[in-house]
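Notes follow the structure.
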């Protein structure tokens, strides 16, 4: 029976990482997954929730849930923080016993971050990818701590042909994005980013891989600022390196 | 309504009740305590832990006690000493006198006690896991003896060995005072540079007596 | 009244020495902690037990506080209750005056920093000397602490040497050992001559009415042994049921704080001395401080922060704290725990900046020995600040709420969202440089002042439709 996946593209990837989303579709289809895209989706509400505007977040959550409740199969996203929002915070937004709360629990159980979906649900650790480069890995906070995806991304990376995985000093330390944090306290965000860039440069890698569009925007911009040749890419880019969107 | 009542009422209201909950919910289970190894291993562990913390721990045979005391007194330039007033330490008192050390009575006032270079106590409890000794308090076992002098010597008997903090506490809780001492006083408050010897003793010796 | 904390302004003027000092300390503590945690296979079991013990205690806080009080009194001590800092300070001053106190020696107490005890005592004509070396140094320097465990991190040994020369009038080389000896000499006479010893409490054991003090220097022992009068102040959240539960917490505390198995001195004090011939104070008073803790208890979503055992591990691991140090938080407690304690203790209006001083990375929750879900509490406090709730009115001006609600509305309407994206693609085109936008107008200039903003790459939906 074919596995069915509903794409949860996330507002940041939608706006800034269209190519990552295209590659995600290609990757899943190569694995014989039937991919659907509920086009009415916009944003899961995380930016509002994280800044305290829970009533706005609640409205957006209801909208998101309405759209995805009408679908079947897995809901898969390339962003750990957005999946964390749905899995952990959606149920908190609605009173226990309410229809929305029950709906949130059901949807949370179907919603997965990509690497956890591949490794734990599809039982796939090697997608036959080839990427003969030096790569280092930054563990995005919500993917790591929110979802507990410590091993899945690295497992996938280790099985990529020709890829040399170089350990990153302070791999698990936050890059300084934190959503609105980056514009509320820009000086602190900058200091955190500079440390992360310093470690990436010291690693000797050509690419740094992360699993959250927020981290990629932040680290990518930081590397450009330092005039570095190192590129910040998504794990999906590594797994579909042969595909040109 | 006094403050005590206000605070307690507030606490109860916060917890959604007006009186103490009765019966009290069962206490959460505690992680099982450490089990002791063989005695000689325990003593080795104790010595290792204390020395790692810049203390000076070793075994001393009772027959060597006099010699050990003479060496300590010389090495630490001791002129005056104060001891716990316990049967085990009476002979130590005598030895020190023969070495010409001035003994300050343990019931002297704090200013006099503060003149002592060396303070000698026994150990009421020994915890090898962390290199810790436990001292109780009484008029014969003043707290200041392990605190005011710049050198602190503990004479420990094997009987005082305990496997775990639980064991120490089970015995000590009925007393009005206990101090757990683990090495000499220390600080890293200035640029994280470890400095031994702050307000408590600067030099710490632990002798495990072998009978 | 404390003015509102301006965290951003504070972070814009952090001294480089603060950062150097902070990072040196936190790295050392984390490394040492890491080694000890690795060799203890019961670590997670201890954390779980500690969480359960603390939660159980909070759920029966009234019961354990009454038991504590009974036992302290049975041991010959006195117990006082203070709603807030002003009451606590009054109690201190009144006891001190009864006993004609001229000089007090003080061992570290975070609760006393919360209530600005030293200032109150000085105003009442009582000389107070901090005796913990780091606290002694910052008292001389007149600066607040930069870290819960090592308060003088932001000062160099040269700076401290100069401080000693200026304030103590002594020859002082820039050598930590020599500086420590100077402090030892100066404070020794003070310990022996003080009328009053002040301490905090790391724990208060209800079973026997016992105060537990965890120190390394010996000053805690000095303050609670030499003066004839001892007054301790502690938050009502410091109580633990009994000695058995205490062992769990002690096994976690030193390891989490500094990466030691146990501190040099752990004292267990039950009332004043029992006999005239015994060392120790003749009289013992314990002040139990509320100061916002009952308010924290009342809200089930903030209650968990009262489990805190003040180890400082969350500070050590926090990337924000490691880049700004303690002073930026403007409060007795800094770092993650400071950010959640501040709003209930000094008011949500004054502390509104702090719950946002976090990227929500979650490292603090992972390291907390008593499993406080700090990011969850931060989110809850952010909600209180942004929208208000039963506990506090919103702090964020209404205009923000209206704007956010409007944005949420726009973003929920799919066609509006998609057309907005199309328009943005056109608008940003002239500003693109190699796939990035190096500068943007406010408020996004806050982003581009640090690094370029990515150019829009939003043709996925078109791609999907045409495949």
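Residue numbers (this note's numbering), protein chains in the order written: chain A, 140 to 384; chain B, 1362 to 1572; chain C, 97 to 563. Beta carbons: idealized from backbone N, C-alpha and C, even for Gly.
Interface partners of residue 148 of chain A on chain C, CB under 7 Å:
Within 7 Å Cβ-Cβ: 556.
Whose C-beta lies closer than 7 Å to the C-beta of residue 107 of chain C among residues of the same chain, with five residues either side of it excluded?
Around residue 107 of chain C: 420 and 424.
When the Cα atoms are used, what is the spatial distance from residue 1402 of chain B to residue 1444 of chain B?
The C-alpha of residue 1444 of chain B is placed about 29 Å away from the C-alpha of residue 1402 of chain B.
Measuring CA to CA, which of B/1558, B/1447, B/1557 and B/1536 is closest to residue 1516 of chain B?
Of the candidates B/1558, B/1447, B/1557 and B/1536, the one whose C-alpha sits nearest the C-alpha of residue 1516 of chain B is B/1447.
Is the CB of residue 261 of chain C under 8 Å away from at least one CB in chain A?
No, its Cβ sits nowhere closer than 8 Å to a Cβ of chain A.
Member of C/321, C/187 and C/143 whose CA lies at the smallest distance from the CA of residue 1498 of chain B
C/321 is the residue among C/321, C/187 and C/143 whose C-alpha sits nearest the C-alpha of residue 1498 of chain B.
Interface residues of the stretch 536-550 of chain C facing chain A [CB-CB below 8 Å]
Cβ contacts with chain A: 539, 540, 542, 543, 545, 546, 547, 548, 549 and 550.
Can you check whether the CB of residue 210 of chain C is closer than 8 Å to the CB of residue 490 of chain C?
The answer is no: Cβ separation not under 8 Å.
Anything in the stretch 180-198 of chain A with a Cβ closer than 8 Å to a Cβ of chain C? List those residues in chain order, please.
Within the stretch 180-198 of chain A, the qualifying residues are 180, 181, 182, 184, 187, 188, 189, 190, 191, 192, 193, 194, 195, 196 and 198.
Out of curiosity, what's the CA-to-CA distance linking residue 115 of chain C and residue 333 of chain A?
Rounded to the nearest angstrom, the gap between the Cα atoms of residue 115 of chain C and residue 333 of chain A is 14 Å.
Taking 8 Å as the CB-CB cut-off, is residue 323 of chain A touching chain C?
Yes - at least one Cβ of chain C is within 8 Å of the one on residue 323 of chain A.
Going by other Cβ atoms of all chains shown within 10 Å of its Cβ, with 16 needed for buried, is residue 1379 of chain B buried or exposed?
Exposed is the label assigned to residue 1379 of chain B, since fewer than 16 other Cβ atoms lie within 10 Å of its Cβ.
For residue 416 of chain A, decide whether its Cβ has a neighbour in chain C, counting only Cβ atoms nearer than 8 Å.
The structure shown has nothing for residue 416 of chain A, since chain A only spans 140 to 384.
Secondary structure at residue 180 of chain A, three-state DSSP: helix, strand or coil?
In the three-state reduction of the DSSP assignment, residue 180 of chain A falls in the coil class, being assigned neither a helical nor a strand state.
Examine the Cβ distances between the stretch 210-218 of chain A and the stretch 147-161 of chain A and report whether three or more of them are shorter than 8 Å.
In short, these stretches touch, since the Cβ pair count reaches three.
Per the DSSP calculation, residue 1482 of chain B is bridged to which residue(s)?
Residue 1482 of chain B is bridged to B/1515.
Quick one: does residue 202 of chain A have its CB under 8 Å from some CB of chain C?
Under the 8 Å criterion on CB atoms, residue 202 of chain A is classed as interfacial with respect to chain C.
Would you say residue 507 of chain C and residue 199 of chain A are within 8 Å of each other, going by their C-beta atoms?
A contact, by the Cβ cut-off of 8 Å.
Using only alpha-carbon positions, find the residue among A/375, A/374 and A/360 that is nearest to residue 368 of chain A.
Nearest in C-alpha terms to residue 368 of chain A, of all of A/375, A/374 and A/360, is A/360.
In whole angstroms, what separates the C-alpha of residue 564 of chain C from that of residue 230 of chain A?
Because chain C in this structure spans residues 97 to 563, residue 564 of chain C falls outside the shown range and cannot be described.
So, does the CB of residue 139 of chain C fall closer than 8 Å to a CB anywhere in chain A?
Contact of residue 139 of chain C with chain A is not assigned, every C-beta pair being separated by 8 Å or more.
Can you have a look at residue 266 of chain C and say buried or exposed, based on whether 16 or more other CB atoms are within 10 angstroms of its CB?
By the 10 Å Cβ count, residue 266 of chain C comes out exposed.
For a cutoff of 8 Å on Cβ pairs, would you count residue 291 of chain C as touching chain B?
Closer than 8 Å to the CB of residue 291 of chain C there is not a single CB belonging to chain B.
Rounded to whole angstroms, what is the Cα-Cα separation between residue 1429 of chain B and residue 188 of chain C?
Using only the alpha carbons, I get a separation of about 48 Å.
Within chain A, the residues that residue 482 of chain C reaches when beta carbons sit closer than 7 Å
Residues of chain A passing the Cβ test: 190, 191 and 192.
Sub-8 Å separation of residue 1566 of chain B and residue 1433 of chain B beta-carbons:
Against a cut-off of 8 Å, the Cβ pair of residue 1433 of chain B and residue 1566 of chain B comes out as a contact.
Closer than 8 Å by beta-carbon distance: list the chain C residues that pair up with residue 327 of chain A, in chain order.
Within chain C, the residues near residue 327 of chain A are 107, 416, 419, 420 and 453.
My output table needs one value for residue 212 of chain C: the three-state DSSP class, helix, strand or coil.
Coil, per DSSP.
Quick one, which residues of the stretch 1437-1467 of chain B are near chain C if we go by CB-CB under 7 Å, in chain order?
Near chain C, meaning a CB-to-CB distance below 7 Å, no residue of the stretch 1437-1467 of chain B qualifies.
Would you check if there are 3 or more beta carbon pairs closer than 8 Å linking the stretch 258-275 of chain A to the stretch 371-384 of chain A?
Three or more beta-carbon pairs drawn from the stretch 258-275 of chain A and the stretch 371-384 of chain A are found closer than 8 Å, and the two stretches are therefore classed as touching.
Beta-carbon contacts of residue 257 of chain A that lie in its chain and below 7 Å, excluding the five residues immediately before and after
The beta carbon of residue 257 of chain A sits closer than 7 Å to the beta carbons of 263 and 295 from its chain, once the five residues preceding and following it are set aside; these are given in chain order.
In the stretch 111-128 of chain C, which residues sit with their C-beta less than 9 Å from some C-beta in chain A, listed in chain order?
The stretch 111-128 of chain C vs chain A, Cβ under 9 Å: 115.
Residues of chain C with a CB under 7 Å from the CB of residue 161 of chain A: which are they?
Those within 7 Å of residue 161 of chain A in chain C are 556 and 559.
Determine which residues of the stretch 393-417 of chain C have a Cβ less than 7 Å from any Cβ of chain B, and write them out in chain order.
Against chain B - using a Cβ distance shorter than 7 Å - the residues of the stretch 393-417 of chain C are 393 and 394.
In chain order, what are the residue ranges of uninterrupted alpha helix (DSSP H) at least 4 long that sit wholly in the stretch 414-462 of chain C?
Runs of the alpha helix (DSSP H) inside the stretch 414-462 of chain C: 415-420, 431-442 and 444-447.
Residues of chain A with CB closer than 8 Å to the CB of residue 553 of chain C, please, in chain order.
The contacting residues are 154, 155, 156, 157 and 158.
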